[in-house]
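Residue numbers (my numbering): 1 to 413. Backbone N, C-alpha and C fix where the C-beta goes; we use that ideal spot for every residue, glycine too. These figures come from a predicted structure and were not determined experimentally.
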Amino acid sequence: MVVSVRTSSTLSLDASTWGAGRVIGVRTSSTLSLDASTWLDYSKGVRYLGVPLFLSRNKSKDFAFVKEKLEARTNGWKSKSLSWMGRATLIKSVAQASPVYTMSTCKLSKKLCNELDGVVRRFWWSPKKLSNKCYTPMAWKDLCLPFEQGGLGFRSYESFNETMIAKLAWWVLSGIEGAKSLLARGACKLVGSGDSILVWNEPWIPRLPDFKPVPKASLDIIPCLTVAQLMNEAKSQWNQNMLSSLFDQDTILAIQNIPRWRVNQQDRWIWLKTYTGEFSVKSAFREACQVDQGIEVNAVMKKIWQTQLHQRLKMLLWRIAAGVLPTSDSLIRFLPNLEISCPFCNVCGESVIHLFWECSLARAIWFGLSGICTDHFQPACGVDLVEVIVFPCVDLVDAFGCGFFYSQRGLNS
Ligand SMILES: [Zn+2]
1 MVVSVRTSST
11 LSLDASTWGA
21 GRVIGVRTSS
31 TLSLDASTWL
41 DYSKGVRYLG
51 VPLFLSRNKS
61 KDFAFVKEKL
71 EARTNGWKSK
81 SLSWMGRATL
91 IKSVAQASPV
101 YTMSTCKLSK
111 KLCNELDGVV
121 RRFWWSPKKL
131 SNKCYTPMAW
141 KDLCLPFEQG
151 GLGFRSYESF
161 NETMIAKLAW
171 WVLSGIEGAK
181 SLLARGACKL
191 VGSGDSILVW
201 NEPWIPRLPD
211 FKPVPKASLD
221 IIPCLTVAQL
231 MNEAKSQWNQ
241 NMLSSLFDQD
251 TILAIQNIPR
261 WRVNQQDRWI
271 WLKTYTGEFS
281 VKSAFREACQ
291 VDQGIEVNAV
301 MKKIWQTQLH
311 QRLKMLLWRI
321 AAGVLPTSDS
331 LIRFLPNLEI
341 SCPFCNVCGE
351 SVIHLFWECS
361 LARAIWFGLS
371 GICTDHFQPA
381 CGVDLVEVIV
391 FPCVDLVDAF
401 GCGFFYSQRG
411 LNS
């Protein structure tokens, strides 16, 4: 992954140490290079909305600032003479509420959560004391119970963190629910060990519709059957007897053609709409558009954009194929008095086919440039005409013609 930083200079580096990455850009005016370790030094302490942007292996250290802030707060309150009620209010509305953003986006370590509880606990029981030891006549977990259960409604940091992460997960799940039908069109499990895949309920056979097998007629299905149970003991091959007892021949063939990952690896999700199996927005967007409109791939239209022509010419070809070129024959519907004869020959009406194929001028150009005799083919519509260009065919070249070779390149030049 390449990270570039631009300020009054541009720093760029290859940070292979970061797996799947984030790209950061900062602008300046000259260029220098950094190695990954230097960059990692830079990345330390970089925060976004108060939360570290890059996490190290030591999460307690990364989030130590939460404890430091909390200690600073409670130490500030030590000088004040606060009542028990005043302390309870400060704990609930300030101490336990201030790290809410961090806690709703990151899962803190259990150790850190306990330490945070410790800071608040000490402030609660003995706010003036500096030492760690204090008299605690009631367990903290009991103080964290709601009023009606005899507690004071304090929050344990760990439970609060868990709750906030659950809220985040809820948003994600709601989002997944909305995108489920789109995901189902491309998401499939890649069989590794097969332990985590339910044969009848999960997608795991890429060649089948829905990627799920259909049981043989009159078969009593076992809902919890896993894909691992369809393999031999070493998991190196499928258990043929098992397969033939459950599925029809087509399904068995599809199962045998599944690309296996590694036998001892865990099963994982792949996205079947890209070659790499990785999800991409582009592929998903295409999938969403295609299926929503039920439009099949048009080979000619697709090929237009893959040719080596200039972009401007590609657009012309697209306009011809799509039938949106403003030739007289189409404009006459809106302008009844329009002169419709071809401006080049003044003989026939002006249409796409005439202009680009039948007109004497067009015929001369085709023959002169590529040796194509237009009599050999009669296009019926704009798409046919474009097909001649994007899918060149030697049959059109006049056997006696003195023209050049006919190829896309020849046309292009
Ligand atoms: Zn003409």
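Assigned exposure category for residue i - 16 Cβ within 10 Å defines buried
i, result
"Glu-339", "exposed"
"Val-270", "Looking at the sequence shown, residue 270 is not Val but Ile. Label assigned to Ile-270: buried."
"Gln-265", "exposed"
"Phe-285", "exposed"
"Glu-278", "exposed"
"Met-164", "buried"
"Glu-233", "exposed"
"Tyr-48", "exposed"
"Leu-32", "A caution first: Leu-32 carries a pLDDT of 48, below 50, which makes its placement in the model too unreliable to give a value."
"Glu-387", "buried"
"Lys-67", "buried"
"Lys-78", "exposed"
"Arg-87", "buried"
"Thr-276", "exposed"
"Lys-189", "buried"
"Trp-171", "exposed"
"Asp-248", "exposed"
"Val-352", "buried"
"Arg-27", "Bear in mind that the predicted position of Arg-27 carries a pLDDT of just 43, short of 50, making it too unreliable to give a figure here."
When the options are compared against residue i, the one with the closest alpha-carbon
i, options, result
"Ser-244", "Lys-216, Glu-177, Cys-359, Ile-205", "Lys-216"
"Pro-137", "Leu-130, Gln-249, Asp-220, Ser-126", "Ser-126"
"Pro-379", "Ser-370, Ser-360, His-354", "His-354"
"Ser-236", "Phe-377, Val-324, Tyr-48, Val-191", "Val-191"
"Ala-139", "Leu-152, Asn-257, Asn-132, Lys-129", "Leu-152"
"Ile-222", "Ile-91, Met-242, Leu-317, Gln-311", "Met-242"
"Ile-304", "Ala-322, Glu-287, Lys-110", "Ala-322"
"Leu-225", "Leu-208, Glu-202, Ala-234", "Glu-202"
"Ala-418", "Phe-367, Asp-384, Asn-337, Leu-253", "The structure shown does not extend to residue 418, since the chain is modelled only from 1 to 413, so the question has no answer here."
"Leu-183", "Leu-145, Ser-283, Thr-276, Leu-112", "Ser-283"
"Lys-59", "Leu-49, Ala-179, Cys-106, Ala-288", "Cys-106"
"Lys-180", "Ile-91, Ser-330, Glu-287, Asp-267", "Glu-287"
"Leu-145", "Tyr-135, Ser-159, Cys-134", "Ser-159"
"Lys-133", "Asn-239, Arg-121, Asp-142", "Arg-121"
"Val-199", "Val-227, Asp-220, Ser-56", "Val-227"
"Leu-143", "Leu-130, Tyr-157, Ser-131", "Tyr-157"
"Lys-80", "Gly-178, Thr-374, Lys-129, Gln-149", "Lys-129"
Three-state secondary structure (DSSP) of residue i
i, result
"Met-433", "Since the displayed the chain opens at 1 and closes at 413, residue 433 lies outside it and no answer follows."
"Trp-260", "Residue identity check: residue 260 is Arg in the sequence provided, not Trp. Of the three classes helix, strand and coil, the one that applies to Arg-260 here is coil, per DSSP."
"Ile-451", "Any property of residue 451 remains undetermined from this structure, which presents the chain solely from 1 to 413."
"Pro-127", "coil"
"Arg-57", "coil"
"Tyr-48", "strand"
"Lys-216", "coil"
"Trp-366", "helix"
"Ala-187", "strand"
"Leu-173", "helix"
"Trp-84", "helix"
"Gly-319", "Before going on, a small fix: residue 319 reads as Arg here, not Gly. Three-state DSSP puts Arg-319 in a helix."
"Gly-349", "strand"
"Leu-182", "helix"
"Ile-332", "coil"
"Ser-341", "strand"
"Leu-168", "helix"
Rounded separation between residue i and residue j - CA only
i, j, result
"Thr-307", "Val-390", "7 Å"
"Phe-481", "Ser-328", "For the chain, the structure presents residues 1 to 413; residue 481 sits outside this window and is missing."
"Ala-187", "Leu-272", "6 Å"
"Lys-65", "Met-85", "The question names Lys, but residue 65 is Phe in the sequence shown. Each residue's alpha carbon lies about 28 Å from the other."
"Gln-229", "Ser-280", "32 Å"
"Thr-89", "Arg-260", "59 Å"
"Gly-194", "Ile-205", "12 Å"
"Leu-168", "Arg-207", "35 Å"
"Phe-123", "Ser-174", "39 Å"
"Phe-211", "Gln-311", "39 Å"
"Gly-21", "Ala-166", "Residue confidence for Gly-21 is low, a pLDDT of 39 falling below 50, so the modelled location carries little weight and cannot support an answer."
"Cys-342", "Leu-317", "20 Å"
"Cys-289", "Cys-381", "26 Å"
"Thr-251", "Ser-196", "20 Å"
"Gly-349", "Lys-302", "30 Å"
"Lys-495", "Pro-99", "Past the edges of the chain, shown from 1 to 413, lies residue 495, and the structure says nothing about it."
"Tyr-101", "Glu-115", "18 Å"
"Gly-371", "Pro-392", "13 Å"
"Ser-56", "Ile-320", "57 Å"
Cβ pair residue i, residue j closer than 7 Å
i, j, result
"Asn-161", "Met-231", "no"
"Arg-155", "Gln-96", "yes"
"Val-46", "Thr-74", "no"
"Leu-112", "Phe-54", "no"
"Ala-364", "Phe-356", "no"
"Cys-359", "Phe-344", "yes"
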